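Protein chains in written order, with my numbering: chain L, 20 to 132; chain F, 77 to 271.
Don't be surprised by glycine CBs; every beta carbon is placed ideally from N, CA and C.
Predicted model only: the values in this text are computed from it and were never measured.
Just below is one structure, and these are the notes that go with it.
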Amino acid sequence: RILSNSVTVLTAASDVHNATWHDFERFLDAGRGSQVSGMSELKNYFHRFGYLPNSNFTDIFDTDFESALTLYQSKLSLPVTGRLDSDTISAIISPRCGVSDSSQRTALHATRR
Amino acid sequence: FAFFNGKPRWVRQNPVTLSYALSPNNMISYLSSSDVQDIFRRAFSRWSAVIPVNFTEAETYESADIKIGFYRGDHGDGEPFDGVLGVLAHAFSPENGRFHLDAAESWAVDFKKDKSKAAVDLESVATHEIGHVLGLAHSSVKEAVMYPSLSPRTKKVDLRIDDVEGVQALYGSNPNFKFSSLQSENSYNHAVALD
């Protein structure tokens, strides 16, 4: 089980993960102002799970993304650092349920049939 | 614990009885159907032990309140699955009843027999998704069944106080349930994770 906050654990985790979110490991230690190619994919991840409202994203670690990241860390009971630290990256690449974390959004367009 | 927007729940005459069925056309060939049925029976029983809701196996898939199936990729609900790991499953809030698992996962019913590093415990995911079917959103409590992530080769099947308080806020308490019964059960999750 992925519990520790060491980079070694990230490597162990990636052994069993496919490419879906594996690439997010390269954002380790990124913080506000960073520009890393592919950051928009990570923003899409946060959008998908209810942390970022917009869907037109750049590769810049901006203040909106920092707020989303802080909210994510808080929601998942991670240390709230506002940075893509190893605990946060471990959580992001961990397999999970597809339902949004935002209770403000009704799950999966629920309708009564 | 948290609820979906509008706090939807199943509204039925008391006692609430919900039927469920596994899609006969969307199962996993390497899993025995009796194993899968046993797993879902146990998963539903964990929730019915704490709330006044009964779950029964539907006579037909079409008539079931809760429809369960394994699907691959884009399966028509706007939430395509993504292959091995990543998203494991999803379910719809009340009173929709759809409950989908990603067929691409290496679903395990017994980690002693399944040695895959990417094996995912079916019973843990089933118990989590039933929480969504009942109206619970994701919890921030790491030990709770309703926490959104689950690592491979980890079993987390026993409801925690957070799960119980959440679902009881929607449906009330099963008169036979005692919070003291949770304590001893919960050591199991941790023990299996260590194993």
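Within-8 Å CB hit, residue i to chain F
i	result
S113 of chain L	yes
L90 of chain L	no
T82 of chain L	no
E96 of chain L	The question names Glu, but residue 96 of chain L in the sequence shown is Ser. Chain F, which has a Cβ nearer than 8 Å to the Cβ of S96 of chain L, makes this yes.
T110 of chain L	Note that residue 110 of chain L corresponds to Ala in the displayed sequence, not to Thr. Answer yes: the Cβ-Cβ gap between A110 of chain L and chain F drops below 8 Å somewhere.
G117 of chain L	yes
D120 of chain L	yes
T39 of chain L	yes
Close-in-space but distant-in-sequence residues of the same chain around residue i (CB under 6 Å, 5 per side omitted)
i	result
N24 of chain L	Annotation note: pLDDT 34 at N24 of chain L (below 50); position unreliable, coordinate value reported separately. Excluding sequence neighbours, N24 of chain L sits near S105 and D106.
L235 of chain F	R122 and V221
V233 of chain F	E199, S200 and T203
F168 of chain F	R174
A78 of chain F	A213
8 Å Cβ cutoff, residue i in contact with chain L
i	result
K188 of chain F	no
P224 of chain F	yes
E199 of chain F	no
D158 of chain F	yes
P228 of chain F	yes
A202 of chain F	no
H151 of chain F	no
L164 of chain F	yes
S95 of chain F	no
K191 of chain F	no
Contacts around residue i, its chain only, beta-carbon distance under 8 Å, and the 5 residues preceding and following it disregarded
i	result
P100 of chain F	Y137
P72 of chain L	H66
A64 of chain F	The structure shown does not extend to residue 64 of chain F, since chain F is modelled only from 77 through 271, so no value can be given for it.
Candidates the options: closest to residue i by CA position
i	options	result
F65 of chain L	L:P98, L:T89 and L:T100	L:T89
G211 of chain F	F:R229, F:Q244 and F:G149	F:Q244
L258 of chain F	F:P251, F:L246, F:D238 and F:G248	F:D238
M103 of chain F	F:E181, F:P251 and F:R229	F:E181
Inter-residue Cα distance where the pair is residue i and residue j
i	j	result
V209 of chain F	S121 of chain L	16 Å
K189 of chain F	F146 of chain F	21 Å
E85 of chain L	S119 of chain L	19 Å
D78 of chain L	D111 of chain F	46 Å
W86 of chain F	T132 of chain F	15 Å
V196 of chain F	D81 of chain L	35 Å
Cβ-based neighbour list, residue i, same chain, cut-off 7 Å, excluding 5 preceding and 5 following
i	result
L107 of chain F	W183 and V185
Mind pulling the alpha helix (DSSP H) runs of 4 or more residues that sit fully within the region 138-170 of chain F? none
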